[in-house]
Each structure stands twice: as C-alpha cells, then as structure tokens.
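Taken in sequence, the protein lines are chains A and B.
Take the first sequence: its letters are residues 1 to 480, numbered as in our numbering.
Take the second sequence: its letters are residues 481 to 803, numbered as in our numbering.
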Amino acid sequence: MLFNSISFLIFFLIVTTTYFILPHRYRWLLLLIASCYFYMNFIPVYILVLLVLIIIDYFAGRFIEHSKGKRKTLYLILSIFSTCLVLFIFKYFNFFNANLSALADFINWNYSLEYLSLALPIGLSFHTFQSLSYVIEVYKGNQKAEKHFGIYALYVMFYPQLVAGPIERPSHLLHQFYEKHRVDWNRIIHGLQIMLWGFFLKLVIADRAAIFVNAVYNNVYFYSGMPLIIATYSFAFQIFCDFAGYSLIALGCAKVMGFQLMVNFKRPYLSKSIPEFWRRWHISLSSWFRDYIYIPLGGNRVSTGRLYLNIFLVFLISGLWHGAAWTFVIWGALHGFYMVISQSTELYRKKLSSFFCISRFPKLHNILKILITFNLVAFGWIFFRANSLADANYIITHLFSNLNLDFLRASVIFDRSNLFLLIVFIVFMEIVHFIQEKKGIRSIFYKLPEYLRLLAYFLLLLVILLFGVFTNTKFIYFQF
Amino acid sequence: MSKNKKLLIKFLILAIIFLDCLLIINAVYTHNVLQKKIIYQKDIDYANFLHNLPERHLQFAFFGDSHAEYALDLNAITSSYNFANSGETYIITYYKLKKILEEDKLKIDHFFLEIDPHTFSDSISIGGGISSNLRFFSEFIPFQDIKKIRSSDSVIKLLLEIYFPIFGQGDDFRMLLSKKELDIQKGSIFNFEKFTDSDINYSLNLAYINCFGSKNTSRINPLNLQYFLKTLKLIKRNNGTIIFIKYPLSKEFQNHTIKQNLSSEEYYTTLFININKTLESDYAILDYSNLLQNSSLFADPHHLNFNGAQIFSQKLLTDLQKF
Numbered sequence: 001m002l003f004n005s006i007s008f009l010i011f012f013l014i015v016t017t018t019y020f021i022l023p024h025r026y027r028w029l030l031l032l033i034a035s036c037y038f039y040m041n042f043i044p045v046y047i048l049v050l051l052v053l054i055i056i057d058y059f060a061g062r063f064i065e066h067s068k069g070k071r072k073t074l075y076l077i078l079s080i081f082s083t084c085l086v087l088f089i090f091k092y093f094n095f096f097n098a099n100l101s102a103l104a105d106f107i108n109w110n111y112s113l114e115y116l117s118l119a120l121p122i123g124l125s126f127h128t129f130q131s132l133s134y135v136i137e138v139y140k141g142n143q144k145a146e147k148h149f150g151i152y153a154l155y156v157m158f159y160p161q162l163v164a165g166p167i168e169r170p171s172h173l174l175h176q177f178y179e180k181h182r183v184d185w186n187r188i189i190h191g192l193q194i195m196l197w198g199f200f201l202k203l204v205i206a207d208r209a210a211i212f213v214n215a216v217y218n219n220v221y222f223y224s225g226m227p228l229i230i231a232t233y234s235f236a237f238q239i240f241c242d243f244a245g246y247s248l249i250a251l252g253c254a255k256v257m258g259f260q261l262m263v264n265f266k267r268p269y270l271s272k273s274i275p276e277f278w279r280r281w282h283i284s285l286s287s288w289f290r291d292y293i294y295i296p297l298g299g300n301r302v303s304t305g306r307l308y309l310n311i312f313l314v315f316l317i318s319g320l321w322h323g324a325a326w327t328f329v330i331w332g333a334l335h336g337f338y339m340v341i342s343q344s345t346e347l348y349r350k351k352l353s354s355f356f357c358i359s360r361f362p363k364l365h366n367i368l369k370i371l372i373t374f375n376l377v378a379f380g381w382i383f384f385r386a387n388s389l390a391d392a393n394y395i396i397t398h399l400f401s402n403l404n405l406d407f408l409r410a411s412v413i414f415d416r417s418n419l420f421l422l423i424v425f426i427v428f429m430e431i432v433h434f435i436q437e438k439k440g441i442r443s444i445f446y447k448l449p450e451y452l453r454l455l456a457y458f459l460l461l462l463v464i465l466l467f468g469v470f471t472n473t474k475f476i477y478f479q480f
Numbered sequence: 481m482s483k484n485k486k487l488l489i490k491f492l493i494l495a496i497i498f499l500d501c502l503l504i505i506n507a508v509y510t511h512n513v514l515q516k517k518i519i520y521q522k523d524i525d526y527a528n529f530l531h532n533l534p535e536r537h538l539q540f541a542f543f544g545d546s547h548a549e550y551a552l553d554l555n556a557i558t559s560s561y562n563f564a565n566s567g568e569t570y571i572i573t574y575y576k577l578k579k580i581l582e583e584d585k586l587k588i589d590h591f592f593l594e595i596d597p598h599t600f601s602d603s604i605s606i607g608g609g610i611s612s613n614l615r616f617f618s619e620f621i622p623f624q625d626i627k628k629i630r631s632s633d634s635v636i637k638l639l640l641e642i643y644f645p646i647f648g649q650g651d652d653f654r655m656l657l658s659k660k661e662l663d664i665q666k667g668s669i670f671n672f673e674k675f676t677d678s679d680i681n682y683s684l685n686l687a688y689i690n691c692f693g694s695k696n697t698s699r700i701n702p703l704n705l706q707y708f709l710k711t712l713k714l715i716k717r718n719n720g721t722i723i724f725i726k727y728p729l730s731k732e733f734q735n736h737t738i739k740q741n742l743s744s745e746e747y748y749t750t751l752f753i754n755i756n757k758t759l760e761s762d763y764a765i766l767d768y769s770n771l772l773q774n775s776s777l778f779a780d781p782h783h784l785n786f787n788g789a790q791i792f793s794q795k796l797l798t799d800l801q802k803f
C-alpha cells in the first residue's frame, strides 16, 4: 500500500477516525493491527521475519536490563548479530556471493555457493536500525527496557515510519504510545498541511522528474551531453522530493494522531558545505551513524589520520546500507572523500576566499557555496542512480560531449512543456524553502488572513490533482 | 455552537466549494480541452465519414498505430478509411473493430492489419495501451474488461480516470490556446518534418527506445497477442479478408536495430505460428519495410512524412488492384 494511492487515503481515514473513537487503552492495539495490515500489503509472509526480529530484540532488551558485565554484553552482541544476520541474508548475501564468485574465478578456485532468490522485505534496513538503536540504548542505560510486548512491537512497526523511516529513537517515540492524544483541530490541520506538502513533492515534482530520469538512466548509451545533464539534475530533485515527500507524509500522518516523528530533511540543497548537507539530509540515518558507529570508533577525539579514516568508513558503510551494489559503495566513498577534503581544506578555502575577496560579499559567497555543494552532491547522485558502474562511467565521460538543445525539438521523453512545468515547480519549492530557511514559513503564513490561507491550501490541492503524476510509482527508499 | 461543530461546518462548506470548483474545471476540460486531442478529433472525423457514406460498406480498412496513421494518404483510394491511431495496441483495435462491425454495422471487405517489428513489444503495450485516455476508451470497452486489462489498478482509480480525466492532465490546458486545426483526411494525418534535418543518432536512439524499450523488454506482449488473435477471429466471423502489412522503415532504423542485435526472424516466426493456428493460411502479406530508401521521406526513423506517404500510398494503390 503506497502512500500515494487511494487505498492508503481510505486506510488513513479509517485508522485515524477509529483511533480517536477508541478508548485510550485500546489504541495501541488498533495501531498495531493497522501497522500489520499495512505491512502485509507488500509481501504478507514477511511479517514473520519482522515478528522474529521483534521477539529477539524485545527479549534482548529485557535480558540486557537485568544482566550485568559479560552476560549483558553477550545479550547485546547476540541481538546485534541476529538482526544483522537477517539483514545480511536478505539484502547482502547475493552481493557478497557474486563478488566472492568473481574472485574465485580470478584465482581459479572452485566456488559454487547458490544464490538466494529472496525478495527484500520492505523497510528492512529501516526497522532493523530502529531495533538496534533500542537494544544499544537499553545497554547503555539510557532507555528502560519496554515490558509491554505490544508497545515494543508497535515501536518497531508503527506504520507511518515502518517502511522508509524516519529511523526513530526509543527515547523519542516509545513514551508517546502511552500518552493520551486528544482531538486537537489545530494539530490535525497542521498534520494535514504537512501531508499536503509531502504529496506535492512526491506527485508533482518527484514523479514528474522520474519520467526524464528513467528514460535516460535506463538507456544511458543512447544519450550524451545535455540529456544526461538534465536527467542527473532531475534525479537530484527526484530523490529529494521522493524521500522528503514520503517523510513529510509520514510525519503528517503521525501528527494528525498526536505523534511527533523526527524531522528527516531540512532543505538540504541550501547547504553551503558537504558536512552541512549531511546535517540536513536524511537526518535520522546520519545521526544514527554518528551515534552508533562514528562516536564508538572514537569520533573526533582521535588523531587526525584516524578521524579521516573514521569519517570515510562511516560513509562507506552508509553507502552499503543504501544498497547491495558497488554503485552505492562508490557513492558512499565519494561522500566520505568529500567530507575528508572539506574538513582538511577548511582553512585553505577560507584563505582562498579572502584572497579573491569573495568573503567581502557574503551573499554572493553563500550562493557560490550552495551551488558548489549542490553540484558536488548531484555528481554523487550519478553513482546512486546508475544501474551499474559501467553506466556511471559512461555518464561521467559523456556529460559534456554534446551541449546543444536539439534533442528538445523532436523528443517525446523530453517534452518541452513537461520540462518547463518541472522547472516551475522546482523553483516554487525552492522559494518556499528559502523563505522557510530565512523566516520560517508558518510564522509568515499564519499572519495572512484566513481566506488567503484557505486559498493557498485550495490551490496547492488543485495543483496536486491537476499536475500530479498518478502512475502509482513506488518511493525510491522502499528498495532500501 | 461549540468550536468543534463550527469547524466541522466550515470544513464541510469548504469541501463543497472545492468539489464544485473541481467539477467545473473537469467539465471545462472535458468539453473544451479533451475534444481537441487527436484521438477525439479522429473520432469526429470517422463519425462524419460514416454519416456521409451512401451505404455502410467499405472495401479497404486500415488498422494499426502511428506507422499506419502517418503512412497512408487514402484520398486516391476509394471506399477506404484509416482507423489507425498513435500508440494503438490490438487490445484497443479489437474493441474498436467490434464497435465498427456490430454497433455501426459497417461492412468491410478487406482488413489491413499492421505487423511491424515493434507492434507487439512490451514498451508499446504498457497498461494494455489504455494507461491514458481511459475516458475515450471506456466509450467502447466494457468496464469489466478494462478492470481485467488494467488489473493492477483499483476500481476507484479507474473510475476517477474515466469521470475525472482532468486529474494529472493539467498541462493539457495549453491546448485551449492552440488554434491550429488538425488536418485529418479519411483518418490519416501527416507529418511534414524530416529526421535527416536534425541529430540522426539521437533520433535513431529515441525511435529505438520508443519502439522496443530497454534491453530486457519482451518483443511479444502476451495480452497484446491475445487480443490480436481475437481480432483475427472477429474479422473471420464477419467474412473479411485479412492482409498483414509491414510499413516502410528507414534504412538507418533497420541498420540500427541490427546493431542492437534485435532479430526480426524469431519475432515473425513466433507471430506467424500463432497466426496460423487461428487462420491456417487464409491471409495475405504486404511487406513494404524496405520500399523507401530515401531517408528524407521519413519524419523520423520509423514514420513516413507527407512526401513519403504520397509515394507509399501510390504504390499501395497499385497493389490493391489485386484485391
């Protein structure tokens, strides 16, 4: 059941209405049943995989809390091992098998392990990380183990954030299931506003950009020059609007019922540096990696060389988290490289800016930094989206080979009006982001007369209905 | 009145106003914009043609997609009509033909059916060919059949597409500004471009993708083939003669498909095994794929332009004497 489907809207309406009608003590059960139903709409039998993981981590949490010393650590290791094992089997086994097989061929070693034909359970990478953060926080003593099995199960599979995040922390989410949420129309309207904006990003921008991106990236060898450039920039906006759109719909859904989820994106394409980009992009994941991999590796309290290695390793693993393919590993490594270069050259770049007097014009300087950061990120997206390393290599080596716009003349795929609409909507979105960055859009918006605010919602909904692409395209991050 | 009740009433009033506006926009779209689409214009042309026929009888009827739509100038061919439409699959052709023969009661002697190399490919057959313009197709395809063809879509989605065709089609409103009338002649429309005037390589790649999609798409979509065979049976039940026709393709396009290792031999062998099971050998074939070697006669690598259509139609007229 995709968020951008009529069946989800009906599901949301029924679940939310029933939630407020039911007495508080039964609400967790409603949400759990609804979440199970939501999950089973994808591949029903995989609910058993989720159930096994929930049981393991529920008991691991209880045992860790009541244990000390080596036994405590053992339960933690067992929990982490079993969770990671499930992730490895479903997501990484075939990738590692293929690479081992290639290596075996190279060294003439007789290797014949069969591939597994298992579909990836939806949202596996997300809810495993959410479960891991739970057991780790219980181990550290920051979180009491949840005694109520149903509430713990709901923490793992709360439907708004089950399949593509945000990856919540137990201290933020668990206690909310015990709170009594009343009907608060202001909160409900705010939640619906957030959802509306999420649908705009997904249906009007992301799915429209996907038309160009898929046409080019699925047939790269047929294109060179401007089509590749347009498709790459389109993908930069597609992936942002797709993922941020999903996160906003999830946030809005949860807010309507009274739950607060983490904000996952903060206008990342207005970042002035790569480190800033990662403080604004997929915040729940980057903070997870910071807290559970980067800091345990020593964080920034190590030597410079070790620091750079830690940063690089974290991004390499992050790349692998996104997908079992070398393109994702290279993408992660590229961002690791960006981060290291950014940190190590900060002083030199400041000196360079002073030398060229750019720092005397802060607005121009900021625009330059934003443009450079955006282009560095867009370049990285080539690896993220390309179907193979060979495709990525082709794209990079042919980006600037033919820069005329002749292809717009007789192209069904790069239909001029479609492209024009996409640009208009992206510009509109970025204007909204810019206002949000500077002043906060809510504070400005709520100063307007009520009839103007209603007109704005009306027009946004109309734009979604008239210009949305309703071909039920999946969210990109569902594959992770 | 409590705050909640006031809010609820306000919400209901706004919802009613919004729905009314949507209905008005939808009505404007349906009556003023949708009718300007080629598919509707051609339907009006057919209705006028049928109305002006002295008796409900045609000697030659042509069916297919854009290859047939652009290739034929039937003005010199009496008692003929070009029913082809861009992007038309045999799923659509079957139901259209059913309406023509059973509802319009048009008697047709010879049926010319397109069987070009891309005619049954998966990339042409997305959504059975009815993933867009569903409102138009719902006029002659029963809803039960639409549900089976578009089985991955919910009933609500299908109904919304039929009764609210405006959803997702906002950019069609630019057609309101368009004053140019479409020149349709006995069902054919003409393109005056030459693909040799632009980037030939780009045109070839685009044509290839449009026809055959990405590398792993299938050459013969099972649903499209199924309806093709149903079309053959329908024609036979109405005592029609079947002639399969391959339309001219530019030599550049044919070379390009060979370079991409696209084998037409296997494709046609499979196709004719299926045809022979239905028709035995009771059909004729007209193969014009290599007829025109001059690339300036093509609007793009696989569609004839106006000049190409003139030359091709003259040749066809000569060959039609035997029928």
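Ideal placement from N, C-alpha and C gives every residue a C-beta, glycine not left out.
Quantities reported herein were computed from a predicted structural model and do not represent experimental measurements.
Identity of the residue in the options nearest residue i by Cα
i	options	result
M655/B	D602/B, N512/B, Y768/B	N512/B
G608/B	I571/B, L709/B, T558/B	I571/B
G141/A	S7/A, R301/A, H66/A, R27/A	H66/A
T676/B	L503/B, N785/B, S560/B	N785/B
S82/A	S131/A, A119/A, I47/A, V424/A	S131/A
G258/A	H175/A, Y294/A, I330/A	H175/A
I43/A	K147/A, L465/A, L2/A, S342/A	L2/A
Y308/A	S344/A, I295/A, R290/A	S344/A
S133/A	H433/A, Y292/A, N387/A	Y292/A
T573/B	I557/B, S605/B, A556/B	S605/B
V329/A	L419/A, F95/A, C84/A	F95/A
N41/A	G165/A, R62/A, F11/A	F11/A
Coarse secondary structure for residue i, derived from DSSP in three states
i	result
A325/A	coil
D57/A	helix
A541/B	strand
H590/B	strand
F767/B	Before going further, note that residue 767/B is Asp rather than Phe in the sequence given. Strand at D767/B.
S668/B	strand
T599/B	coil
T737/B	helix
F158/A	coil
S79/A	helix
I722/B	strand
N4/A	coil
Burial state of residue i (16 or more Cβ within 10 Å)
i	result
Y178/A	exposed
R699/B	buried
E732/B	buried
I367/A	exposed
P645/B	buried
N756/B	exposed
G319/A	buried
F803/B	exposed
Q624/B	exposed
G332/A	buried
V469/A	buried
I107/A	exposed
P170/A	buried
V377/A	buried
L448/A	exposed
P23/A	exposed
T17/A	exposed
Closer than 9 Å to chain E by CB, residue i
i	result
Y682/B	Absent from the structure: chain E. Protein chains present are A and B.
Residue i CB to nearest heavy atom of the ligand NAP below 8 Å
i	result
I435/A	Judged by which ligands are present, the structure shown has none, so any question about the ligand NAP falls away.
Cβ separation of residue i and residue j, assumed to be a contact under 8 Å, to the nearest whole Å
i	j	result
L759/B	I722/B	7 Å
A209/A	F235/A	7 Å
I283/A	V256/A	Not quite, the Cβ-Cβ distance comes to about 22 Å (not below 8 Å), so this is no contact.
3 or more residues per run - each beta strand (DSSP E) lying fully within the region 774-802 of chain B: 778-780
Mind listing, in chain order, the continuous beta strand (DSSP E) runs of no fewer than 3 residues lying wholly within the region 396-480 of chain A? none
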